[in-house]
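First up is the structure itself, then whatever we jot down about it.
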Amino acid sequence: MKLLKTIFIFEWRQLCRQGWLLSGLCLFLAVSLLSVYSGNRTVGKRWVQADSVREAYHKDFEAALKRFTDTSTSKGKAEAKTAGMAAVINFRLPQHAVKYPEPLAALSLGLTDIRPWHEQVRYVKNYNDATEMPVNNPMTLFAGNFDLAFVIIYFLPLLVLAYCYSLYSSEKEAGTLAMLAVQAGSVARVVRLKLLFRFLVLAALLLVVNGLGFVLAEKRAAPGVPQMLLWCLFSLLYLLFWLGIAYFIVAFRQGATATGMYLAACWMLVLVILPSLANTIVQQRHSLPLKDEIAAYRRHQSEEIWNTPARILSDSFNRYNPQYASTADPAKDTLHLSTRYVAGYYDLLERRMERVIAPYEREIEDRNRQLAALSAWNPASVAQQWLNTLAGTELPAYDQFSRQADQFQRSWKTFLYDFHIPGKQLQAADLERFPVFRYQPPELPVRGMLYQAFMLFCGLCVLFATGSFVFNGKDQAS
Amino acid sequence: MKKQNMVLTIAVKEVVAAFRSRVATLLAFITWILLGVAVYTGMQQEREAAGKKSRAASLFRHEWEEQEANPHSAAHFGTYLFKPHTFLSIYDHGLNRFLGETYRVEAHVQHEVNHSEAETAGSQLRFGELSAAMVFQLLVPLLVLLLSFNAITRERESNTLRLLLIQGVKPAALIRGKIWGIYFIVLLVVLPAFLLMGIPVIVQDHGQDALLRYGLFTVAYLVYFFLFSGIGVLVSAWSRHSNAALIGSLGVWFLLAVLVPRAAVRMIDENNRLPSRFELNRRIAQGYSKGMGEDGTSIERNRKLLDSTLKRYKVDSVQQLPVNFDGLAMQNGEDYNTKVYEHYAGEVERTVRQQQESLGWVSFFDPFIAVQQVSMGVAGTDYHHHLSFHRQAKTYRDEFIRILNMDLANSGSAYLSYGYKAGPEFFKKMKDFRYNPQPAGLAVGQHRWSWLALAAWCLLVYILVNISAKRLTNIYP
Numbered sequence: 000m001k002l003l004k005t006i007f008i009f010e011w012r013q014l015c016r017q018g019w020l021l022s023g024l025c026l027f028l029a030v031s032l033l034s035v036y037s038g039n040r041t042v043g044k045r046w047v048q049a050d051s052v053r054e055a056y057h058k059d060f061e062a063a064l065k066r067f068t069d070t071s072t073s074k075g076k077a078e079a080k081t082a083g084m085a086a087v088i089n090f091r092l093p094q095h096a097v098k099y100p101e102p103l104a105a106l107s108l109g110l111t112d113i114r115p116w117h118e119q120v121r122y123v124k125n126y127n128d129a130t131e132m133p134v135n136n137p138m139t140l141f142a143g144n145f146d147l148a149f150v151i152i153y154f155l156p157l158l159v160l161a162y163c164y165s166l167y168s169s170e171k172e173a174g175t176l177a178m179l180a181v182q183a184g185s186v187a188r189v190v191r192l193k194l195l196f197r198f199l200v201l202a203a204l205l206l207v208v209n210g211l212g213f214v215l216a217e218k219r220a221a222p223g224v225p226q227m228l229l230w231c232l233f234s235l236l237y238l239l240f241w242l243g244i245a246y247f248i249v250a251f252r253q254g255a256t257a258t259g260m261y262l263a264a265c266w267m268l269v270l271v272i273l274p275s276l277a278n279t280i281v282q283q284r285h286s287l288p289l290k291d292e293i294a295a296y297r298r299h300q301s302e303e304i305w306n307t308p309a310r311i312l313s314d315s316f317n318r319y320n321p322q323y324a325s326t327a328d329p330a331k332d333t334l335h336l337s338t339r340y341v342a343g344y345y346d347l348l349e350r351r352m353e354r355v356i357a358p359y360e361r362e363i364e365d366r367n368r369q370l371a372a373l374s375a376w377n378p379a380s381v382a383q384q385w386l387n388t389l390a391g392t393e394l395p396a397y398d399q400f401s402r403q404a405d406q407f408q409r410s411w412k413t414f415l416y417d418f419h420i421p422g423k424q425l426q427a428a429d430l431e432r433f434p435v436f437r438y439q440p441p442e443l444p445v446r447g448m449l450y451q452a453f454m455l456f457c458g459l460c461v462l463f464a465t466g467s468f469v470f471n472g473k474d475q476a477s
Numbered sequence: 003m004k005k006q007n008m009v010l011t012i013a014v015k016e017v018v019a020a021f022r023s024r025v026a027t028l029l030a031f032i033t034w035i036l037l038g039v040a041v042y043t044g045m046q047q048e049r050e051a052a053g054k055k056s057r058a059a060s061l062f063r064h065e066w067e068e069q070e071a072n073p074h075s076a077a078h079f080g081t082y083l084f085k086p087h088t089f090l091s092i093y094d095h096g097l098n099r100f101l102g103e104t105y106r107v108e109a110h111v112q113h114e115v116n117h118s119e120a121e122t123a124g125s126q127l128r129f130g131e132l133s134a135a136m137v138f139q140l141l142v143p144l145l146v147l148l149l150s151f152n153a154i155t156r157e158r159e160s161n162t163l164r165l166l167l168i169q170g171v172k173p174a175a176l177i178r179g180k181i182w183g184i185y186f187i188v189l190l191v192v193l194p195a196f197l198l199m200g201i202p203v204i205v206q207d208h209g210q211d212a213l214l215r216y217g218l219f220t221v222a223y224l225v226y227f228f229l230f231s232g233i234g235v236l237v238s239a240w241s242r243h244s245n246a247a248l249i250g251s252l253g254v255w256f257l258l259a260v261l262v263p264r265a266a267v268r269m270i271d272e273n274n275r276l277p278s279r280f281e282l283n284r285r286i287a288q289g290y291s292k293g294m295g296e297d298g299t300s301i302e303r304n305r306k307l308l309d310s311t312l313k314r315y316k317v318d319s320v321q322q323l324p325v326n327f328d329g330l331a332m333q334n335g336e337d338y339n340t341k342v343y344e345h346y347a348g349e350v351e352r353t354v355r356q357q358q359e360s361l362g363w364v365s366f367f368d369p370f371i372a373v374q375q376v377s378m379g380v381a382g383t384d385y386h387h388h389l390s391f392h393r394q395a396k397t398y399r400d401e402f403i404r405i406l407n408m409d410l411a412n413s414g415s416a417y418l419s420y421g422y423k424a425g426p427e428f429f430k431k432m433k434d435f436r437y438n439p440q441p442a443g444l445a446v447g448q449h450r451w452s453w454l455a456l457a458a459w460c461l462l463v464y465i466l467v468n469i470s471a472k473r474l475t476n477i478y479p
């Protein structure tokens with residue numbers, strides 16, 4: 000206990016005396032705050048854009064409602080006649096599925112800038128997903144996000160490197176090693192206590208930065224306590240990982256320069272070479288399909304189905320949608336361009352398209368699964384995924400949004416078809432009964448995350464144990 | 003000793019010391035391994051992608067030529083164009099993963115170049131991918147700094163610095179000698195790689211432009227490595243100990259290669275805001291239906307066209323027209339659609355160009371950004387090349403649709419009748435899309451600030467060498 004106190008006091012004095020180290024810690028704090036500001040700007044922009052969707056919809060909604068009642072002019076009278084037609088409502092008042100940023104999104108932007116967060120919904124499914132892709136400068140996407148997650152993933156290890164590279168050699172170069180070894184019983188013990196102090200300093204800094212991030216992040220709802228706790232847990236584990244690496248390399252008792260170089264090489268390996276190699280391997284094994292077969296299929300199917308006799312198409316529609324069978328009128332439905340003919344066209348096209356799109360999507364899923372499996376071995380990639388998942392900006396969240404938007408599109412179609420197929424008009428009151436899209440984020444995989452955290456912790460124990468083993472071995476040898 | 007000889011002697015000593023300590027050999031080994039993997043996988047991917055595109059393009063062309071359809075149905079059927087890659091994209095993938103590859107040609111709709119890889123990938127892709135450019139931009143500078151961080155501090159720590167200065171070695175010559183020594187080691191490592199990478203450019207006969215581009219690519223990186231050799235030695239000259247020099251060098255590298263590029267691009271993006279997709283789509287849709295300025299709504303524009311057409315042919319009704327008014331009306335709609343699209347999408351394009359221009363200016367503060375821009379530019383994987391493809395594809399599309407609409411107008415078919423069909427003979431006449439690559443000179447011009455920034459950085463290193471020399475003189479008068 001006395002030794003612990005002595006070393007902690009000594010380390011504290013050292014920290015206060017070393018201006019460059021204090022500057023480094025302050026720089027980390029400053030860059031963290033800057034990154035939170037940058038993340039806030041991005042998320043703030045997203046909120047403004049999402050609000051503009053809502054405002055535009057309200058404007059359109061009011062205009063659609065007004066058409067039912069405004070019969071003061073001849074134009075108004077003409078419009079009132081068509082105001083309740085389902086096809087007109089569908090065209091003039093498309094619905095919107097919006098994925099609003101989640102409370103921690105500003106801290107880990109993830110795929111915020113690249114994946115669609117908004118879908119315009121009509122009763123015909125839109126297969127051209129490009130119409131919803133965010134407008135971007137590709138250079139911004141290429142450069143990557145500048146958020147707190149980036150600072151934690153990239154900058155924190157460098158801070159560990161700068162703080163710990165001379166953990167052992169500074170004592171050796173100062174000639175105090177022998178004295179400490181006598182007092183503590185072993186050099187390894189001294190180094191471990193020094194490392195513990197540095198961990199506490201960095202952990203405190205990290206928690207302060209995280210806390211500031213939670214408070215300052217642009218949000219419209221308070222982040223959940225589990226999310227914040229898990230964020231802190233994962234960032235601390237990540238810090239421990241780098242301290243483990245530092246301890247392991249320091250254990251070889253090289254000079255400060257050599258240790259620093261090895262640590263820099265580890266940084267490069269973990270944060271640049273391994274992830275990029277994983278990307279390259281997956282690109283090599285699963286090159287992205289061009290979608291040309293889907294495009295060719297769609298064009299052919301469109302033509303083929305459109306040229307199908309109206310009777311067959313309306314029959315097909317009735318067969319697949321028996322809920323509308325009671326309102327069928329064979330004399331009317333079998334006319335070219337009848338409601339059931341057109342609905343049958345889209346219905347059949349959609350069914351056929353789903354069949355060819357499914358394998359393509361499976362291919363993409365396989366590709367992403369392979370990449371996730373490869374990345375699971377890299378704590379930096381895993382940490383990035385954890386933070387994104389907590390912020391609701393990782394792939395599963397966007398896939399979930401896409402699925403829910405599809406579901407909403409079906410609800411919208413069902414709602415409007417109840418009027419459209421039998422040829423009924425909507426009343427003004429019906430506009431208040433529109434289905435509403437509410438994005439439900441995927442359930443946080445707490446168990447899976449804790450399991451991964453546990454596995455990483457076990458790996459860290461092994462890393463520290465190996466480091467200690469090497470240290471003790473060298474101790475005995477000396 | 004003459005000044006030049008002094009510099010040469012110091013440089014040679016540095017090279018010998020580096021190879022004796024095996025640091026240089028190790029660094030060369032790492033660089034070559036990574037470059038080998040990067041180039042091999044780059045070639046494989048490029049070959050596969052080119053094969054897929056070529057097969058798809060043939061399929062779509064075949065389908066186009068063999069159809070028998072009403073020209074307007076054919077316009078809806080449309081076709082697909084694929085963005086070709088330059089040979090150098092094997093070495094620098096640039097923005098390719100974040101840009102689309104496919105352009106849809108279709109009636110009524112002005113598409114963008116769609117389906118980028120990043121659209122379907124998770125956040126892992128943001129860590130980057132292995133390419134020769136990545137090795138040159140990120141890894142080699144780090145290795146250069148690891149070679150050079152103790153170039154001066156080593157002399158200081160072993161007390162040979164004082165001896166050298168007493169013997170009459172000028173501090174500036176010492177620093178220059180160290181820089182040239184480190185740079186020579188770097189050249190020994192990278193020049194064989196550049197030569198090997200240049201072989202396919204020469205052997206496969208990609209044309210003089212490709213050779214010129216490759217030459218510029220090589221020059222840009224050689225200048226960049228020189229800058230980092232200088233930065234490394236200068237950090238060493240300003241540091242008291244090797245440990246501090248190492249941390250300083252790593253700090254500089256992190257700042258220049260990791261932190262500033264991300265932060266700068268994000269700040270530029272925030273200061274030149276782009277609209278959301280929803281806003282852009284809505285503006286375009288409303289611009290078309292309600293009209294821009296005094297153009298009138300789409301119905302009014304159509305009525306105006308009908309009136310002027312009837313007047314021109316001196317007839318009273320659309321049925322009396324010697325042309326099918328449907329074709330004319332659709333072409334009128336297309337022309338207006340193009341006008342609206344160019345207006346609103348043009349605003350987006352101008353904003354992105356403004357962002358690119360700002361990035362060029364930022365490269366005066368960061369050589370990493372400068373070389374990244376220059377490298378993408380000569381490799382043809384930057385935004386400007388993408389834009390060039392988009393423009394050419396769009397021009398082709400507009401002409402493609404115009405030919406179809408005019409064929410319908412002049413087909414002799416009646417207004418609002420859809421019985422007329424053109425056969426393969428007509429569709430075969432439609433020219434296939436040919437992309438004209440931008441000349442290398444234009445690529446240099448588009449990144450002129452970045453090229454100038456590289457030159458400015460060289461000048462800065464030269465000035466800092468002299469300042470650092472004075473500092474060394476002051477320490478050891």
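Those protein sequence lines, which keep their order, are chains A and B.
Its first residue numbered 0, the first sequence is counted upward by one per residue in our numbering.
Its first residue numbered 3, the second sequence is counted upward by one per residue in our numbering.
Here a beta-carbon is modelled for each residue, glycine too, at the ideal position from N, C-alpha and C.
Remember, it's a predicted structure, so these values are computed and weren't measured experimentally.
Residue range 94–97 is occupied by the beta strand (DSSP E) that includes Ala-96 (chain A). Straight-line measurement puts the Cα of Thr-33 (chain B) at about 57 Å from the Cα of Gly-335 (chain B). Residue environment for Thr-43 (chain B): buried (at least 16 other C-beta atoms within 10 angstroms of its C-beta). The Cβ atoms of Trp-230 (chain A) and Leu-389 (chain A) sit closer than 7 Å to each other. Relative to the Cα of Leu-110 (chain A), the nearest Cα in the group A:Phe-145, A:Thr-256 and A:Gln-94 belongs to A:Phe-145. The continuous beta strand (DSSP E) containing Thr-81 (chain B) extends over residues 81–84. Assigned with DSSP and collapsed to three states, His-299 (chain A) falls in helix. Within the stretch 31–52 of chain B, Leu-36, Val-39, Ala-40, Thr-43, Gln-46, Gln-47, Glu-50 and Ala-51 place their CB atoms closer than 8 Å to a CB of chain A, listed in sequence order. Shown here, Val-364 (chain B) sits in a helix according to DSSP, grouped into three states. In this chain, the alpha helix (DSSP H) harbouring Arg-188 (chain A) covers 186–215.
Proximity of the stretch 162–172 of chain A to the stretch 241–257 of chain A meets the contact definition, three or more beta-carbon pairs being nearer than 8 Å. Interface with chain B (7 Å Cβ-Cβ cutoff): Asn-387 (chain A) is included.
CA-CA distance, Tyr-296 (chain A) to Leu-373 (chain A), rounds to 34 Å. Residue burial is scored here from C-beta neighbours: Arg-352 (chain B) has fewer than 16 other C-beta atoms within 10 angstroms and is therefore classed as exposed.
Three or more beta-carbon pairs drawn from the stretch 380–395 of chain B and the stretch 84–99 of chain B are found closer than 8 Å, and the two stretches are therefore classed as touching. In terms of Cα proximity to Ala-29 (chain A), the closest of B:Glu-296, B:Ala-265, B:Ser-360 and B:Arg-355 is B:Ala-265.
Burial state of Asp-434 (chain B) is exposed, judged by a 10 Å Cβ sphere holding fewer than 16 other Cβ atoms. Residue pairing from DSSP places Ala-424 (chain B) in a beta bridge opposite B:Ala-71. Taking 7 Å as the cut-off, the Cβ atoms of Ser-238 (chain B) and Ile-187 (chain B) do not count as close. Beyond the five residues adjoining it in sequence on each side, Glu-118 (chain A) comes within less than 6 Å, by CB distance, of Ala-96, Glu-131 and Ala-404 in the same chain, given in chain order. CA-to-CA, the gap between Arg-63 (chain B) and Tyr-422 (chain B) works out to about 22 Å. Against chain B, a Cβ distance below 7 Å from Tyr-153 (chain A) picks out Val-260. According to the DSSP assignment, His-449 (chain B) belongs to no beta strand (DSSP E), since it is labelled neither H nor E. Using a Cβ distance threshold of 7 Å, Phe-429 (chain B) and Val-107 (chain B) do not count as a contacting pair. Nearest CB-CB separation between Phe-227 (chain B) and chain A: not below the 7 Å threshold. Straight across, the Cα-Cα distance linking Arg-310 (chain A) with Tyr-340 (chain A) is about 8 Å. Neighbours of Gln-383 (chain A) in chain B, taken as residues whose beta carbon is under 9 Å from its own, are Ser-125, Gln-126, Arg-128 and Phe-129 in chain order.
Between Asn-39 (chain A) and the set A:Tyr-438, A:Leu-268, A:Gly-212 and A:Leu-20, the nearest pair of CA atoms involves A:Gly-212. For the 7 Å CB-CB criterion, Val-376 (chain B) and Ala-142 (chain A) do not form a contact. When only Cα atoms are considered, Asp-314 (chain A) and Gln-300 (chain A) end up about 18 Å apart. The Cβ-Cβ distance between Gly-295 (chain B) and Val-342 (chain B) does not fall below 7 Å. In this structure, Ile-363 (chain A) keeps its C-beta atom at 7 Å or more from the C-beta atom of Leu-192 (chain A). Around the beta carbon of Trp-11 (chain A), fewer than 16 other beta carbons lie within 10 angstroms, which makes this residue exposed.
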